[in-house]
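Residue numbers (mature numbering (1 follows the signal peptide of the UniProt record, and there is no 0)): -23 to -1, 1 to 181.
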């Protein structure tokens, strides 16, 4: 009996040694936060916005995200995303202004960047740091350019989008992420280095 027990223990040890290391490694997960790179070009629409609202584009702050968002904070984020999406009539800049790339706070009509600007303003009024509310340029699956608002948190980056009432982790969207406002300076923009390498398999 004692010999049989020792043999069984030896077999367990042997199997554990022979099992491939990969079997013990969890499946890869998408990165919770975007990886940003060097300072890059500022969208022309944001440049013109900054000429009009200069004070909003010269704020320098910390680069680390704010502490964990509370349950009440998340309720506020979701409420503002839904409310702003429902408040305005979606129209392109060409339809409203007769030209492309006009970034402005909406009144009756809004393009994608206008929705994002309004959400940024309302969340800032609720106490969220501007360094965590970042205008972001993406490409939709059909190749069309689009703008969303990125909310940085200690749990990762989340997207507020006029095309979706649900606030999602950035990697759960179908977009290619190109660049966004710098967290350290509201008038600067940085590249998004992992915006094209989403781990699609990990979402299944």
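Backbone N, C-alpha and C fix where the C-beta goes; we use that ideal spot for every residue, glycine too.
Quick one: is residue 3 buried, meaning 16 or more other Cβ sit within 10 Å of its Cβ, or exposed? Confidence at residue 3 is low in this model, with a pLDDT of 33, below 50, so its placement is unreliable and no value can be given for it.
Among 53, 33, 80, 137, the one whose alpha carbon lies nearest that of residue 21: 80
Verify whether the separation of the beta carbon atoms of residue 128 and residue 54 is less than 8 Å. yes
Considering only the alpha carbon of each residue, which of 168, 158, 173, 171 lies closest to residue 23? 158
Tell me whether residue 100 sits in a helix, a strand or coil according to DSSP, three-state version. helix
How would you label residue 166, buried or exposed, when you count the other beta carbons within 10 angstroms and need 16 or more for buried? buried
Are the beta-carbon atoms belonging to residue 151 and residue 108 less than 8 Å from one another? no
Can you tell me where the beta strand (DSSP E) with residue 158 in it begins and where it stops? 153 to 159
Mind checking residue 163: buried by the 16 CB within 10 Å criterion, or exposed? buried
Identify the continuous beta strand (DSSP E) that holds residue 143 and give its terminal residues. 141 to 146
How would you label residue -1, buried or exposed, when you count the other beta carbons within 10 angstroms and need 16 or more for buried? Its pLDDT being 33, under 50, residue -1 is placed unreliably by the model, and the measurement read from it follows with that caveat. Exposed.
For the candidate residues 66, 45, 117, 92, whose alpha-carbon lies nearest to that of residue 126? 92
Based on the DSSP output, what are the partners of residue 110 in its beta bridges? 128
Alpha-carbon to alpha-carbon, residue 28 and residue 19: 13 Å
What is the residue span of the beta strand (DSSP E) that residue 133 lies within? 133 to 138
Quick one, which of 143, 145, 116 has its alpha-carbon nearest residue 169's? 116
Considering only residues of the same chain and omitting the five flanking positions on each side of residue 122, which have a CB-CB separation below 8 Å? 114, 115, 116
Exposed unless 16 or more other CB atoms sit within 10 angstroms - verdict on residue 118: exposed
From this set, 52, 131, 145, which residue's C-alpha is nearest residue 45's C-alpha? 131
Measure the C-alpha to C-alpha separation of residue 38 and residue 87 and round it to an integer number of angstroms. 29 Å
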